[in-house]
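Numbering (the numbering used here), first residue to last: 2 to 238. The beta carbon of each residue, even a glycine, is placed where N, CA and C say it ideally should be. As structure tokens, the structure follows; a few thoughts come after it.
Right under this line is the structure:
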């Protein structure tokens with residue numbers, strides 16, 4: 002009897018416990034359903050600040066700036082020279098990679114102190130101008146004076162000067178000495194009066210300017226010649 006009552010009591014307790022757990026589970030499910038459904042039904046009741054904060058989310062941060070371009074590589078070339086001290090060659094401490102080819106053009110001509118007179122700037126500009134200027138053209142050939150090994154020019158057309166009427170009426174006579182420059186073509190280029198009466202000089206020059214000479218050649222080249230011409234005015238002749 003006792004065992005049967007114990008078994009029945011155990012069964013009742015187990016059944017009661019099961020019902021309690023089922024009731025609890027149902028209540029929890031109902032509560033969770035209410036919590037999930039109420040916001041969907043009464044969405045207008047939600048605070049505006051929460052909705053605004055949810056809708057107006059902060060924009061994403063801007064992308065980071067691109068990295069700066071690499072700095073250009075700077076290559077420094079050091080000039081290494083050999084210094085001659087007391088006629089001794091000193092080797093450089095470091096041999097350069099690229100060695101320039103140097104052509105020895107000889108030492109420049111020495112510059113005298115007279116050429117370096119003046120301010121430093123003018124001296125320097127003068128030296129640069131002298132170095133850059135082209136060589137001067139050869140000087141023109143100078144007229145060769147008649148005399149010595151140079152024979153007198155041969156006159157091939159020598160008109161006689163006209164006696165000035167005023168000088169003839171005044172009974173003036175004498176000689177007019179002229180220095181003439183005969184060009185390469187044999188024509189008289191210029192005249193210079195050395196002596197003579199003023200009344201006779203004009204007629205003498207007018208006549209000599211019409212004279213023609215045979216060109217004088219030297220080594221196959223025609224040359225200008227300076228010669229002295231004497232024009233005589235004589236009333237008796």
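### Query
Which residues in the same chain as residue 230 place their Cβ atom closer than 7 Å to its Cβ, once the five residues preceding and following it in sequence are excluded?
Counting from one through the chain shown, the residue named residue 230 turns up at place 229. Closer than 7 Å at the Cβ level, and outside the excluded window around residue 230, lie 179, 181, 209.
### Pairwise C-alpha distance: residue 212 and residue 228
Looking up residue 228 in the chain shown gives position 227. Looking up residue 212 in the chain shown gives position 211. Approximately 13 Å between the Cα atoms of the pair.
### Query
Which residue's Cα is closest to the Cα of residue 204: 220, 66, 218, 167?
Along the chain shown, read from residue 1 onward, the residue named residue 204 stands at position 203. Checked all of 220, 66, 218, 167; the closest Cα to residue 204 is 167.
### Whole-angstrom distance between residue 187 and residue 215, CA atom to CA atom
Numbered from 1 along the chain shown, position 214 holds the residue referred to as residue 215. Numbered from 1 along the chain shown, position 186 holds the residue referred to as residue 187. If you take the alpha carbons of residue 215 and residue 187, they lie about 5 Å apart.
### Message
Contact defined as beta carbons within less than 8 Å: I believe residue 197 pairs with residue 177. What is the distance between those atoms, to the nearest angstrom?
### Response
For the purposes of this step, residue 197 is identified with residue 196 of the chain shown, where counting begins at 1. For the purposes of this step, residue 177 is identified with residue 176 of the chain shown, where counting begins at 1. Contact holds; Cβ gap of about 3 Å.
### Message
According to DSSP, simplified to helix, strand and coil, what is residue 170?
### Response
By 1-based counting over the chain shown, the position of residue 170 is 169. The answer is helix: DSSP assigns residue 170 an H, G or I state.
### Query
Do residue 217 and residue 169 come within 8 Å of each other at the CB atom, strictly closer than that value?
The count along the chain shown starts at 1 and reaches residue 169 at position 168. The count along the chain shown starts at 1 and reaches residue 217 at position 216. The criterion of a C-beta distance shorter than 8 Å is not satisfied by residue 169 and residue 217.
### Task
Reducing DSSP to helix, strand and coil, say where residue 227 ends up.
As a first step, residue 227 is located in the chain shown; it is residue number 226 there, counting from the start. Note: residue 227 maps to strand in three-state DSSP.
### Query
Nearest-angstrom Cα distance between residue 66 and residue 74?
Numbered from its first residue, the chain shown carries residue 66 at position 65. Numbered from its first residue, the chain shown carries residue 74 at position 73. When the Cα atoms are used, residue 66 and residue 74 turn out to be separated by approximately 23 Å.
#### Entry: Presumed contact (8 Å Cβ cut-off) between residue 234 and residue 193, rounded CB distance
Locating residue 234 in the chain shown gives position 233, counting from the first residue. Locating residue 193 in the chain shown gives position 192, counting from the first residue. At roughly 19 Å, the Cβ-Cβ gap does not stay under 8 Å, so residue 234 and residue 193 are not in contact.
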